[in-house]
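Residue numbers for the sequence shown, in this note's numbering: 9 to 148.
Report on one structure; see the data block that follows.
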Amino acid sequence: MRRNRDRERVMSVIGQPKSEELRQLYWRDEILQLLFWIQGEGFGQRIEVETLERFLTLDASSSTAHLERLAAQGLLVRDDLGGYQLSDLGRSEGGRIFAAEFAHLTQPAHGACGPECWCRASSAEAAACEEDRRTWAMDW
C-alpha cells in the first residue's frame, strides 16, 4: 500500500509543470476544481489538508502551502477548525475550470439535441423532439 502511494506521488510530481509560476497555477486549478466537485457531489462544503493528500497525492506541507496561498488570494476561506471552503470567487473560478476540463464529456451524444436545436424554443417543441428521438431509437 505504501509503495503505491509513493508511486502516485512521484507520478503527481512528474505530471506537473517545472516552473514555480506554472506549478502554482496548475495546483490552483486542481484544488479549485476538486473543491467544486466535492461540493457539487454533496460530499461537504469544506476540506482539510488530508483531503488534498488523499485526492491529489500531495504531502501535508505542500497541501498547507497551496491552501494558504489560495486563501490569501481570496479563493478559499479558512475556518476556525483549520478547514477550507470555497469563497464566492473560488466557487466561480472552480466552476469555470471544472466546466472547461469536462467540456468534451458534456457535449450532446449521438442522436441528442445540440444547443441550437429548435426544441429549446418551448416545452411543447421539446416534448415533440423527445418523442421523435424515442421513436427513432426504437426503430434501430
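C-beta: ideal position from N, C-alpha, C; glycine also.
Check, Outcome
"If you run the structure through DSSP and keep just helix, strand and coil, what is residue 41?", "helix"
"Are the C-beta of residue 138 and some C-beta of chain D separated by less than 9 angstroms?", "Among the chains of the structure shown, chain D does not appear; only one protein chain is present."
"Buried or exposed for residue 18, please, with buried defined as at least 16 other CB atoms from any protein chain shown within 10 angstroms of its CB.", "In this prediction, residue 18 has a pLDDT of 46, which is less than 50 and means its spatial position is unreliable; nothing more can be read from the coordinates."
"Applying the 10 Å Cβ sphere with the 16-neighbour rule, what's the burial state of residue 112?", "exposed"
"Helix, strand or coil: which one does DSSP assign to residue 93?", "strand"
"For residue 72, collect the residues of the same chain with a Cβ closer than 6 angstroms to its Cβ; drop the 5 residues on either side in sequence, then sort them by chain order.", "57"
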